[in-house]
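J.: Going letter by letter, the sequence shown gives residues 11 to 452 in our numbering. Structure incoming, see below.
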Amino acid sequence: MNLHIGIDDTDSPKGGCTTYIAALLVEKLSQLGIKFTDYPNIIRLNPNVPFKTRGNAAVALRTRTPDTAYELVRETVLRTVEENSRLGDEGTDPAVVFLRGHSTNTIKQFSYEALTDMVPIRKAVKALESSNASAVSYGTGLGLVGALAALGQTLNGDHTFELVAYRERNNRGKPRLVDEVSVRRMDLMTAPETFNNFDSDYRRVLITPHGPDPVLLGLRGESPKAVRRAFRFLRIREPVERWVIFRTNHGTDAHFASSTINQRITVNRPVKLKGTVLEKPERISGGHTFFKLKHKRSAVLCAAFEPTGKFKEVVAKLIPGDEVVVFGGVRRHEGKPLLTINLEKLIVTRLCDEVTVENPKCSRCGKHMKSAGRGQGYRCERCKSTASKASKQFLKKRRTIRPGLYLPDRKAHRHLTKPLSRYGLEKRRWNMEPPSGIWHRP
Ligand SMILES: [Zn+2]
11 MNLHIGIDDT DSPKGGCTTY IAALLVEKLS QLGIKFTDYP NIIRLNPNVP
61 FKTRGNAAVA LRTRTPDTAY ELVRETVLRT VEENSRLGDE GTDPAVVFLR
111 GHSTNTIKQF SYEALTDMVP IRKAVKALES SNASAVSYGT GLGLVGALAA
161 LGQTLNGDHT FELVAYRERN NRGKPRLVDE VSVRRMDLMT APETFNNFDS
211 DYRRVLITPH GPDPVLLGLR GESPKAVRRA FRFLRIREPV ERWVIFRTNH
261 GTDAHFASST INQRITVNRP VKLKGTVLEK PERISGGHTF FKLKHKRSAV
311 LCAAFEPTGK FKEVVAKLIP GDEVVVFGGV RRHEGKPLLT INLEKLIVTR
361 LCDEVTVENP KCSRCGKHMK SAGRGQGYRC ERCKSTASKA SKQFLKKRRT
411 IRPGLYLPDR KAHRHLTKPL SRYGLEKRRW NMEPPSGIWH RP
């Protein structure tokens with residue numbers, strides 16, 4: 011039978027990692043003779059859920075499991091989750107969902123909601139009850155939402171791959187010993203088949219995370235072959251415990267997909283809005299840049315925060331009347347009367363002329379003249395000449411931005427953000443070929 015296993019919320023800010031548990035399970039289940047029908051999936055859900063600070067990721071394992079092996083698989087999964095979760099840490103509420111057969115429409119629908127909305131646990135319970143699934147949850151049961159949602163995201167459209175390498179236990183918490191020069195060479199040799207490797211503007215390696223979790227590095231790319239090839243370019247000066255290739259919705263803008271995005275401005279949800287810039291953008295201390303956008307009959311504040319880098323400079327160059335499409339998460343910021351869209355992407359569709367108005371220049375000496383009074387023309391203060399028929403001069407200023415698509419600097423990207431290098435590489439489908447070389451333990 012087809013058995014799908016969804017897992018979520020095993021980690022806490024102090025450590026742990028749901029993808030690591032998936033990595034352990036891929037190996038354990040392989041050793042039990044279980045066949046995988048897909049690479050393990052990492053599914054990123056709504057990035058705007060306020061209490062999910064670490065990227066809101068869940069995993070799904072998709073297998074062919076003989077009926078006779080079901081109990082053993084179930085027991086192996088639960089034991090591995092219990093042994094490797096940060097059970098007892100605040101905010102760690104793991105859950106595992108076992109689904110026999112295939113995702114139902116109810117589960118798929120639920121899953122799309124979890125990608126763009128805040129979904130209450132009772133909705134997950136209801137969707138579970140109406141399907142051939144069983145669940146085990148710990149703590150508050152909050153993990154149920156992600157565990158079930160991961161099963162419903164079957165990644166039939168655009169998707170990417172990530173090779174995740176893990177560290178040996180005694181190295182966790184220490185600096186990651188991945189040679190920067192080799193990362194840059196790998197980027198040069200493999201992009202755009204790989205992406206988000208190195209940020210040359212800030213000379214910053216993007217494949218290594220920070221913090222105590224077991225992840226040594228994650229290589230993102232368009233195919234399993236591409237990420238395996240990229241991995242061979244790296245010089246790593248610490249032992250790699252194991253690596254696994256995941257299929258994911260990273261870098262796909264899944265939260266802005268036309269099937270999921272809504273045009274209503276709702277707190278904690280992603281939104282895509284077409285509108286007109288209402289006022290000149292304002293920069294506050296720290297570099298955060300805000301502007302007011304008129305959408306239909308309402309106004310909303312758009313924010314480009316300091317870490318977005320050059321993106322906020324582009325935002326600062328907008329002027330009233332410019333037409334834009336904004337993408338981002340909706341927030342309510344304390345002390346701000348308007349809802350705020352934290353910008354993740356901006357399309358400038360039409361720039362209006364920036365016009366300055368000035369008094370005419372004196373034809374004799376070139377100095378700007380002063381008005382001589384209503385309807386009486388202008389007078390030069392320097393040489394006293396007058397010009398009764400002169401009028402105000404309208405000057406078109408050269409705009410320093412162009413229409414087009416703008417993204418924050420890569421260091422500020424969310425996991426779901428589609429990087430510029432992926433535009434045009436989107437996949438329309440997944441051809442369901444059986445996965446090969448999913449994992450390796452050196
Ligand atoms: Zn003059």
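Using N, Cα and C, we set each Cβ at its ideal position, and we do this for glycine too. As the structure is a prediction and not an experimental result, all values here were calculated from the model.
Please identify the residue among Ala159, Val146, Ile217 and Gln41 whose C-alpha is closest to the C-alpha of Leu88.
T.: Val146
J.: Please indicate yes or no: does the CB of Lys377 lie closer than 6 Å to some heavy atom of ligand 1?
T.: yes
J.: At 4 residues or longer, what runs of the alpha helix (DSSP H) sit wholly inside the stretch 281 to 348?
T.: 320 to 326
J.: Are there three or more Cβ pairs, one per stretch, closer than 8 Å when the stretch 138 to 157 is compared with the stretch 216 to 227?
T.: Result no; under three Cβ-Cβ pairs closer than 8 Å.
J.: Quick one: does the C-beta of Arg374 sit closer than 6 Å to a heavy atom of ligand 1?
T.: yes
J.: Provide the residue span of the beta strand (DSSP E) that contains Ala201, from first to last.
T.: Per DSSP, Ala201 belongs to no beta strand (DSSP E) and is neither H nor E.
J.: Quick one: residues in its chain with C-beta nearer than 6 Å to the C-beta of Gly4, no 5 flanking neighbours on either side, listed in chain order?
T.: In the structure as shown, the chain starts at 11 and stops at 452, and residue 4 therefore has no counterpart that could be examined.
J.: Is DSSP giving Ser373 helix, strand or coil here?
T.: The answer is coil: DSSP assigns Ser373 none of H, G, I, E or B.
J.: Do you know how far the Cα of Asn369 is from the Cα of Lys406?
T.: Their Cα atoms are separated by approximately 14 Å.
J.: Could you check whether Asn278 and Asn66 sit closer than 7 Å to each other, using their CB atoms as the reference points?
T.: no
J.: Apart from the five residues on each side of it in sequence, which residues of its chain come closer than 7 Å, Cβ to Cβ, to Arg84?
T.: Phe108
J.: Please report the straight-line C-alpha distance between Glu364 and Ser401, rounded to a whole angstrom.
T.: 19 Å
J.: Which class does Ser381 belong to by DSSP, given the choice of helix, strand or coil?
T.: strand
J.: Counting only the same chain and skipping the five closest in sequence on each side, list residues whose C-beta sits under 6 Å from that of Ala314.
T.: Thr299, Phe321, Lys322, Val325 and Leu353.
J.: Can you determine whether any heavy atom of ligand 1 sits closer than 6 Å to the C-beta of Ser395, and answer yes or no?
T.: Yes, the beta carbon of Ser395 sits closer than 6 Å to at least one heavy atom of ligand 1.
J.: Closest to Pro249 by C-alpha separation, out of Ala175, Asp209, Pro202 and Arg274, would be which residue?
T.: Ala175
J.: Nearest by alpha-carbon distance to Gly101: which of Tyr148, Glu139 and Thr86 is it?
T.: Scanning Tyr148, Glu139 and Thr86 for the CA closest to the CA of Gly101 turns up Tyr148.
J.: Decide if Asp77 is buried, meaning its Cβ has at least 16 other Cβ atoms within 10 Å, or exposed.
T.: With fewer than 16 other beta carbons inside 10 angstroms of its own, Asp77 counts as exposed.
J.: Give a single yes or no on whether Arg392 has its beta carbon closer than 6 Å to a heavy atom of ligand 1.
T.: yes
J.: Given Arg374, which residues of its chain have a CB within under 8 Å of its CB, disregarding the five upstream and five downstream residues?
T.: Taken in chain order, the residues that qualify are Cys390, Cys393 and Ser395.
J.: Candidates Gln273, Gly16 and Gly434: which alpha carbon is nearest Val335's?
T.: Gln273
J.: Could you say which of Ala32, Arg194, Phe46 and Leu39 lies nearest to Pro444 if we only look at CA atoms?
T.: When the alpha-carbon of Pro444 is set against those of Ala32, Arg194, Phe46 and Leu39, the nearest one is in Phe46.
J.: Using only the alpha-carbon positions, how far apart do Tyr80 and Ala134 sit?
T.: 23 Å
J.: Does the distance from the CB of Ala422 to the CB of Pro317 come in under 7 Å?
T.: Contact flag set, yes.
J.: Grab me the residues of Phe404's own chain with a C-beta within less than 8 Å of its C-beta, minus the 5 sequence neighbours each way, in chain order.
T.: Val365, Thr366 and Val367
J.: Going by C-alpha to C-alpha distance, which of Arg257, Asn207, Thr262 and Tyr212 sits closest to Leu244?
T.: Asn207
J.: Between the C-alpha atoms of Thr63 and Lys380, what's the straight-line distance to the nearest angstrom?
T.: Per-residue confidence for Thr63 stands at a pLDDT of 48, beneath the threshold of 50, marking its modelled position as unreliable; no derived number is given.
J.: In this structure, does DSSP put Ser401 in helix, strand or coil?
T.: coil
J.: For Ser233 and Thr164, which I take to be in contact (beta-carbon distance under 8 Å), what is that distance rounded to the nearest angstrom?
T.: Ser233 to Thr164, Cβ: 18 Å. No contact.
J.: Of the residues Val254, Arg96, His220 and Asp48, which one's Cα is nearest the Cα of Leu173?
T.: Val254
J.: Three-state secondary structure (DSSP) at Arg247?
T.: coil
J.: With a cut-off of 8 Å on the beta carbons, I'd call Thr262 and Val340 a contact; round off their distance for me.
T.: Rounded, the Cβ-Cβ distance is 21 Å, inconsistent with contact.
J.: Extract the residue ranges of the alpha helix (DSSP H) inside the stretch 13 to 89, only unbroken runs of 4 or more that lie entirely within it.
T.: The DSSP assignment places complete alpha helix (DSSP H) segments of no fewer than 4 residues inside the stretch 13 to 89 at 28 to 41, in order along the chain.
J.: What do you reckon, are the CB atoms on Pro280 and Thr126 nearer than 7 Å?
T.: For the pair Pro280 and Thr126, the CB atoms are nearer than the 7 Å cut-off.
J.: Could you give the distance in angstroms between the alpha-carbon of Arg360 and the alpha-carbon of Ile217?
T.: 36 Å
J.: Hey, Val358 and Pro291: beta-carbon distance below 7 Å or not?
T.: no
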